[in-house]
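*Asks:* Letter by letter, the sequence shown follows residues 5 to 149 of the numbering used here. Backbone N, C-alpha and C fix where the C-beta goes; we use that ideal spot for every residue, glycine too.
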Amino acid sequence: MSNAVLVRGRACALQCLAPLVLLALGAPALAAPDIEADEDHVYYGDPDLAEKPGVISANTVFLEIPAYKRIVDEKIPKDDPRYWLLMEEANRIFMAALRATDRNHGYDLIGELGSIKVDGKPAPDITSTVVEEVRKIVRNGADGK
Numbered sequence: 005m006s007n008a009v010l011v012r013g014r015a016c017a018l019q020c021l022a023p024l025v026l027l028a029l030g031a032p033a034l035a036a037p038d039i040e041a042d043e044d045h046v047y048y049g050d051p052d053l054a055e056k057p058g059v060i061s062a063n064t065v066f067l068e069i070p071a072y073k074r075i076v077d078e079k080i081p082k083d084d085p086r087y088w089l090l091m092e093e094a095n096r097i098f099m100a101a102l103r104a105t106d107r108n109h110g111y112d113l114i115g116e117l118g119s120i121k122v123d124g125k126p127a128p129d130i131t132s133t134v135v136e137e138v139r140k141i142v143r144n145g146a147d148g149k
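1. In angstroms, rounded to a whole number, what distance separates the CA positions of Val142 and Thr105?
2. Could you pull out every residue in the same chain whose Cβ sits closer than 8 angstroms to the Cβ of Leu67, ignoring the five residues on either side in sequence?
3. Mind checking whether Ala41 and Ile120 have CB atoms under 8 angstroms apart?
4. Kindly indicate which three-state DSSP category Tyr47 falls into: helix, strand or coil?
5. Relative to the C-alpha of Gly49, which candidate in Tyr111, Ile80, Thr64 and Pro81 has its C-alpha closest?
6. Let me make sure I understand the geometry here. Which of Leu117, Pro37 and Lys140 has the alpha-carbon closest to that of Ile97?
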């Protein structure tokens, strides 16, 4: 076999192996994050399928929702029928904001502050992102239906 054929064969082998080596070296960066979630405090998403989790202060988010703010400001008690109508509206807007946060920002798992860890560290606080989505919904007159 000539040296030219051997050199060409080695060059081809290197060209073919290089992407595999690079892929193997980069594999840890591509691995799915290790997500731990207290499912009792998860508002949106499936911890088993999540790729990009975040946490929020639900109270802060709810205080941006006019229906909930009305309950608080007017001190409407739970035994008042208006309480349940307003809470239903507030919950619709809250869930619509969580869906919008997933759709627009990619957060596919959202829970209360401290309820989710990613690779052993607290998930990022995305309260301000969800609040902005609530404001968009309220501004556009949508009620989350």
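*Replies:* Let's see:
1. 15 angstroms
2. Lys73 and Val76
3. yes
4. strand
5. Tyr111
6. Lys140
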